[in-house]
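Enquirer: Chain order of the listed sequences is F and Z.
According to the working numbering, the stretch in the first sequence is residues 1 to 425, in order.
According to the working numbering, the stretch in the second sequence is residues 426 to 708, in order.
Glycine included, C-beta positions come from ideal geometry on N, C-alpha and C.
Here the structure is a predicted model, which is why all the values come from computation and not from measurement.
Sharing a structure, written as C-alpha cells. Questions coming.
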Amino acid sequence: MSEIAIRVEGLGKSYQITHATSGYRTLQEDLRALIKRPFSRGSDAPRQETFWALKDISFDVKQGEVLGIIGRNGAGKSTLLKILSRITKPTIGHADIYGRVGSLLEVGTGFHPELTGRENIFLNGAVLGMSRRDIQARFDEIVAFAEVEQFLDTPVKRYSSGMYMRLAFAVAAHMEPEVLVVDEVLAVGDAAFQKKCLGKMSEVAKGGRTVLFVSHNMSAILTLCKRGILLEKGGIVLDSDSNQAVAQYLNTEELSSVVERPIYDSTKKLHIYHATLLNHGKVTNSFATSETLTLQIKCRVSQRIREAQIAFDFATGSGEYLFSSTHQDFTGEKGELTPGDHVFECEIPLQMFRQGQYRIGIASSVPNVEMLDFIEQPLVFEIVDDSSPMFKLGQERKGIIVPMLQWQISKASEVSQKETVGLST
Amino acid sequence: MASQDKPVQAPVRHIRIQPARAWVALELQELWHFRDLMFILMMRDIKLRYKQTVFGVVWVIIQPLIASLIFAVIFGRFAGLPSGGVPYLLFVYAGLLPWNIFAGALQRAGNSLVGDSKLISKVYFPRMVIPVASSGSILVDFAVALAVMFVLLLLNGWQLSLNLVLLPVFTLMVLLISVGLSLFISALNVYYRDFMYALPFIIQVLMYASPVVYSGDLIPELVKPFYAINPMVGIIEGFRWSLLGTGEFPALPLAVSLGIGILLFIIGGLVFQRIAQNFADVI
Numbered sequence: 001m002s003e004i005a006i007r008v009e010g011l012g013k014s015y016q017i018t019h020a021t022s023g024y025r026t027l028q029e030d031l032r033a034l035i036k037r038p039f040s041r042g043s044d045a046p047r048q049e050t051f052w053a054l055k056d057i058s059f060d061v062k063q064g065e066v067l068g069i070i071g072r073n074g075a076g077k078s079t080l081l082k083i084l085s086r087i088t089k090p091t092i093g094h095a096d097i098y099g100r101v102g103s104l105l106e107v108g109t110g111f112h113p114e115l116t117g118r119e120n121i122f123l124n125g126a127v128l129g130m131s132r133r134d135i136q137a138r139f140d141e142i143v144a145f146a147e148v149e150q151f152l153d154t155p156v157k158r159y160s161s162g163m164y165m166r167l168a169f170a171v172a173a174h175m176e177p178e179v180l181v182v183d184e185v186l187a188v189g190d191a192a193f194q195k196k197c198l199g200k201m202s203e204v205a206k207g208g209r210t211v212l213f214v215s216h217n218m219s220a221i222l223t224l225c226k227r228g229i230l231l232e233k234g235g236i237v238l239d240s241d242s243n244q245a246v247a248q249y250l251n252t253e254e255l256s257s258v259v260e261r262p263i264y265d266s267t268k269k270l271h272i273y274h275a276t277l278l279n280h281g282k283v284t285n286s287f288a289t290s291e292t293l294t295l296q297i298k299c300r301v302s303q304r305i306r307e308a309q310i311a312f313d314f315a316t317g318s319g320e321y322l323f324s325s326t327h328q329d330f331t332g333e334k335g336e337l338t339p340g341d342h343v344f345e346c347e348i349p350l351q352m353f354r355q356g357q358y359r360i361g362i363a364s365s366v367p368n369v370e371m372l373d374f375i376e377q378p379l380v381f382e383i384v385d386d387s388s389p390m391f392k393l394g395q396e397r398k399g400i401i402v403p404m405l406q407w408q409i410s411k412a413s414e415v416s417q418k419e420t421v422g423l424s425t
Numbered sequence: 426m427a428s429q430d431k432p433v434q435a436p437v438r439h440i441r442i443q444p445a446r447a448w449v450a451l452e453l454q455e456l457w458h459f460r461d462l463m464f465i466l467m468m469r470d471i472k473l474r475y476k477q478t479v480f481g482v483v484w485v486i487i488q489p490l491i492a493s494l495i496f497a498v499i500f501g502r503f504a505g506l507p508s509g510g511v512p513y514l515l516f517v518y519a520g521l522l523p524w525n526i527f528a529g530a531l532q533r534a535g536n537s538l539v540g541d542s543k544l545i546s547k548v549y550f551p552r553m554v555i556p557v558a559s560s561g562s563i564l565v566d567f568a569v570a571l572a573v574m575f576v577l578l579l580l581n582g583w584q585l586s587l588n589l590v591l592l593p594v595f596t597l598m599v600l601l602i603s604v605g606l607s608l609f610i611s612a613l614n615v616y617y618r619d620f621m622y623a624l625p626f627i628i629q630v631l632m633y634a635s636p637v638v639y640s641g642d643l644i645p646e647l648v649k650p651f652y653a654i655n656p657m658v659g660i661i662e663g664f665r666w667s668l669l670g671t672g673e674f675p676a677l678p679l680a681v682s683l684g685i686g687i688l689l690f691i692i693g694g695l696v697f698q699r700i701a702q703n704f705a706d707v708i
C-alpha cells in the first residue's frame, strides 16, 4: 500500500485584491479593456494587490492514508481543499490525483427546500458525482441511515433540522470514492449527529480509502488521522504525525476576541460581519470565572428571512463541543429578520468552566431549510484563575464543566412530618 | 518527497490539476460523463417551475396560443399580411414553436450559473452542465406546445405531410443554436449582470428580425443579406415547411442555420470553458 494517491507539487493560489479607493468599475470601462485585451479582466487597473492564499505547497499522500489538515482561519485549508476538489484552479504548481475523487465541503449541497426527500437524495447524489444507478442501488441504505422513511415524499422544508442534516449526511456517506476530501462538515448539527458522522468517518478511514480531512476539532483529527499537516499563512509549517501537529497548533494559537469580515457580501441573505467577546462592554480575550462573557454578533440582512436564527457553539480549546445556543432559546418564537443591520448579544456566565482555552463558533440558519452563514470557531479566549474560593473549589472536581448548583437542606424529620400532614388533609 | 513510489498506472482514474489555461477544450466527454447530473438538474428546474403554480401545465398551453392569436389578429387580420394560404394562426404558431425554444432557452440559461452559485462554489462538475440543463428544460414546454400544434392542425382539417420526418432534426438544430448562445450569455452574466436586463430586450428585437410573425417573402431586397445570416430564419422556415407542408424546402437558409449553429456552439463553448475556470472565485 505504498502507492501514491495524491501528489501535490509547488501548489499556490493568489487572488487579486482591488482596493476600494480605485472606485467603481463600469461595464463601459471593462468593455474598453475587453476590446483591447479580451478576457484579461481589468489586469491593468491601477490599485491592485496580489494576495497569496496558498503558496509553495508540496506533499504526497499514500493510498489508504488519512491525512488531517489543520490551521487557523485563513491559513489556506479551504483553498487547498477547493483546489484538490477541482472547484477552483491553482495559480501555479500542480497536483495529481489517482483514483475517483469525492469531495464533501458541505453537507446537503444542492438540496432544495421545495423538493421532497426522495428528489433531494437523487439531486444531492448526482451533485456529489454519483450516477443515478449508484444512487438507486444505495437508496434504501441511505434512507435507513437517515431514518426518514415516512417523510420521503415530504418537501424537505418541512423537515426538522435534525432530519435534514441526517438526510444530507446520509447521501454523502454513501458515495464511495477512492479519494475522499472532507471539509469541516462535522461542525453542524447536534451532538448525536456529530457522533454518527464521526463514526461513519472512521469507518471510511479504516476501510482503506485515502482521506484528506480538515477540521477545527482536534480530538476528531487525533482519532481519525495518523498524519497531520499544519498550515499557516498559506504555507506548510509542519508535516508530521498528527499528535505533533495538533500539539504545535494548540501551542501557537493566539487568542482572538474579534472577528471582522467585509461588511457587505452580496451572495448571502444574511451576512455575519462582526463578532466579539466583551466584558462589561470592553473587548477582551481573557476572563475570570467569576465574570460574565458577553458575545456580540452583528449581521446584515439583505432581505426578509422568516424563522432565521443566530446561534453559537461553545467548545473546548481542542475543539470538543460543550453546548450551543440560539437567540430563540427563551422565546422559542419563530420570528423573522427584517432587512438591515442587527446586533445580537448573549451573556454567558463563566463560573461553571475550568481554567483553560475555549472557542466560540457562530452560525445562522433557517432551521430545516438552509444554512445562512457560519464562521467556524473564530473566537478563542481563555478563562483564568481569579483565585476566588469558588474557583478553587471547582478546579478540584471531576468533569469537563464544574457548575456550582443551589442545594436545599432541611431536616429529614421535618420532611416526613410535612408528608404526614399532607396525607391527613 | 517519496520519489521512490511510482504512481499507480492504468485502470485508476488520473486527474491532473493545474493552473487555468488560455483555452480549454470543450470536454464534451466530461459533459457526457455527468449526464445524470444534467438530467436531474433539468428535472429539478421543471419541477420547481410548476410546483407552486395552480394551473401548472395550462400556462404552457395558453401562453403561445394567446400570443399567436394576438399576432394573427394584428398581422393577419388588421395588416393583412400574406401567409401563403395558411390560416394566420397556424402560420404564427408554427413559427413560435422554434422561437420559444430559442427565447426560453436563452432566458433560462442566462441566469442559471448565478442561481446555482452555491453548487459552483462547493462541488466540482463540468460547469456546462448548468446552462445546458437549464436550456434543456424548455423541451418540456416545447413538447406540450407541439401537441397543441397538432390539435390546431387537426381542428383546421390540415393534412400532415412526410415533411414531418425532419422536424426532430430542425429541433436539434435550434437547440444547437440556443445552447451555443446560452453558454456565451450565461458565462458573461457571471461577470456582468447587465446581460439579464438586456436579454429580454435583445430577444424581442431578434424576434422581429426573424420571420416569426410575418413571412420571409416580405423582406426587402436591401436587407436580405443581413436577414440571410440570421440562423433562426432557416429553422423557422424549416418548421413551417415540416408542419404545414407549404413552400419549398428551405435548403440554403437551413445550411446557414447549421453552419452558424455549429460556429455559435463552438465559440460559445470555448468562451464558456475559458471563463468557467474562474467561476468559483468570482461568482
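Checking contacts by CB at 8 Å: is F/K196 closer than that to chain Z?
Expert: Not one chain Z Cβ lies under 8 Å of F/K196.
Enquirer: What residues match up with F/Y321 in a beta bridge as DSSP calls it?
Expert: Its beta-bridge partners are F/A315.
Enquirer: Please list, in chain order, the chain F residues whose beta carbon lies closer than 8 Å to that of Z/D706.
Expert: Near Z/D706 (Cβ distances below 8 Å), the residues of chain F are Y15, T88.
Enquirer: Quick check on the burial criterion: 16 or more other C-beta atoms within 10 angstroms. Buried or exposed for Z/I627?
Expert: Exposed: under 16 other Cβ atoms inside 10 Å.
Enquirer: Thinking just about the alpha-carbon of each residue, which of Z/Y639, Z/V630, Z/R552 is nearest to the one in Z/L608?
Expert: The shortest C-alpha separation from Z/L608 is found at Z/R552.
Enquirer: So F/H280 contacts chain Z; which residues on that side make the cut at Cβ distance below 7 Å?
Expert: Result: empty, since nearest Cβ-Cβ is about 40 Å, beyond 7 Å.
Enquirer: Could you tell me which residues DSSP puts in a beta bridge with F/M371?
Expert: Paired residues: F/S365.
Enquirer: Which ranges would you report for the beta strand (DSSP E) in the segment 435-519 of chain Z if only whole runs of at least 3 residues count?
Expert: The segment 435-519 of chain Z contains these whole beta strand (DSSP E) runs: 439-442.
Enquirer: Decide if Z/V479 is buried, meaning its Cβ has at least 16 other Cβ atoms within 10 Å, or exposed.
Expert: Its Cβ having fewer than 16 others within 10 Å, Z/V479 is exposed.
Enquirer: Tell me whether F/R41 sits in a helix, a strand or coil according to DSSP, three-state version.
Expert: Unreliable placement is indicated for F/R41, whose pLDDT of 49 sits below 50; the coordinate value is still reported in the next sentence. F/R41: coil per DSSP, three-state reduction.
Enquirer: Give me the Cα-Cα distance between F/I263 and F/C299, rounded to the nearest whole angstrom.
Expert: Each residue's alpha carbon lies about 8 Å from the other.
Enquirer: Count the other CB atoms within 10 Å of the CB of Z/W666; is the residue buried (16 or more) or exposed (fewer)?
Expert: By the neighbour-count rule (16 or more Cβ atoms within 10 Å), Z/W666 is buried.
Enquirer: Once you ignore the five residues that flank F/Y15 on each side, which residues in its own chain have a CB closer than 7 Å to its CB?
Expert: Same-chain partners within the cutoff: F51, A53.
Enquirer: Counting only Cβ pairs nearer than 7 Å, list the residues of chain Z close to F/E106.
Expert: Chain Z residues near F/E106: K547.
Enquirer: Check Z/G529 in the structure and name its three-state DSSP category.
Expert: The answer is helix: DSSP assigns Z/G529 an H, G or I state.
Enquirer: Could you check what DSSP says for F/D183 in three-state terms: helix, strand or coil?
Expert: Coil at F/D183, not helix or strand.
Enquirer: Report the partner residues of F/S286 according to the DSSP bridge assignment.
Expert: Its beta-bridge partners are F/E382.
Enquirer: According to DSSP, is Z/L688 helix, strand or coil?
Expert: Reduced to three states, the DSSP call for Z/L688 is helix.
Enquirer: Under 6 Å Cβ to Cβ from F/D44, same chain only, skipping five residues before and after it: list those, please.
Expert: At F/D44 the pLDDT is 48, less than 50, meaning the model places this residue with poor confidence and gives no usable figure here.
Enquirer: Provide the residue span of the beta strand (DSSP E) that contains Z/Y622, from first to last.
Expert: Looking at the DSSP string, Z/Y622 is not in any beta strand (DSSP E); the run it does join, the alpha helix (DSSP H), is 619-633.
Enquirer: What did DSSP end up calling Z/M426 once you bin it into helix, strand or coil?
Expert: Unreliable positioning characterises Z/M426 in this predicted model, as indicated by a pLDDT of 39, which lies under 50. The coordinate reading is nonetheless provided below. Coil at Z/M426, not helix or strand.
Enquirer: Taking Cβ positions, are Z/L521 and Z/A492 nearer each other than 8 Å?
Expert: Taking 8 Å as the Cβ cut-off, Z/L521 and Z/A492 qualify as a contacting pair.
Enquirer: Could you tell me which residues DSSP pairs with F/H271 in its beta bridges?
Expert: BP columns for F/H271 point to F/R300.
Enquirer: According to DSSP, which residues form a beta bridge with F/G102?
Expert: F/L180.
Enquirer: Can you tell me whether Z/Y622 is buried or exposed, with buried defined as 16 or more other CB within 10 angstroms of its CB?
Expert: Z/Y622 is exposed by the Cβ-count criterion.
Enquirer: Quick one: give me the first and last residue of the beta strand (DSSP E) that F/E49 is part of.
Expert: Unbroken beta strand (DSSP E) run through F/E49: 48-62.
Enquirer: Measure the C-alpha to C-alpha separation of F/V179 and F/F111 and round it to an integer number of angstroms.
Expert: Looking at the two C-alpha atoms, the distance is approximately 23 Å.
Enquirer: What does a CB cutoff of less than 7 Å around F/V8 pick up in its chain, not counting 5 residues either side in sequence?
Expert: Within the same chain, F/V8 has close Cβ partners I57, S58, F59, A95.
Enquirer: Residues in its own chain within less than 6 Å of F/G23 by CB, not counting five upstream and five downstream?
Expert: In this predicted model, F/G23 has a pLDDT of only 46, less than 50, meaning its place in the structure is not dependable; the value taken from the coordinates is given anyway. Counting only Cβ-Cβ distances below 6 Å, and skipping sequence neighbours, we find nothing.
Enquirer: Return helix, strand or coil for F/Q406, following the three-state DSSP convention.
Expert: The answer is coil: DSSP assigns F/Q406 none of H, G, I, E or B.
Enquirer: Tell me, please, whether the CB atom of F/Y98 is closer than 8 Å to any CB atom in chain Z?
Expert: So yes, F/Y98 belongs to the interface.
Enquirer: Hey, is the segment 541-555 of chain Z in contact with the segment 84-103 of chain F, meaning 3+ C-beta pairs nearer than 8 Å?
Expert: The segment 541-555 of chain Z vs the segment 84-103 of chain F: in contact.
Enquirer: To be precise: take each residue of the segment 68-94 of chain F, compare its Cβ to all Cβ atoms of chain Z, and keep it if any distance is under 9 Å. Which residues remain?
Expert: So the close ones are K82, I83, L84, S85, R86, I87, T88, K89, P90, T91, I92, G93, H94.
Enquirer: Can you pull the chain F residues whose beta carbon is under 9 Å from the beta carbon of Z/R441, in chain order?
Expert: Result: H94, A95, D96, I97.
Enquirer: For F/S318, which residues from the same chain have a beta carbon less than 8 Å from its beta carbon, with the 5 sequence-adjacent residues on both sides left out?
Expert: Cβ within range, chain order: N217, M218, S219, V246, L250.
Enquirer: Z/L544 touches chain F at which residues, Cβ-Cβ below 8 Å?
Expert: The answer, in chain order, is T109, G110, V127.
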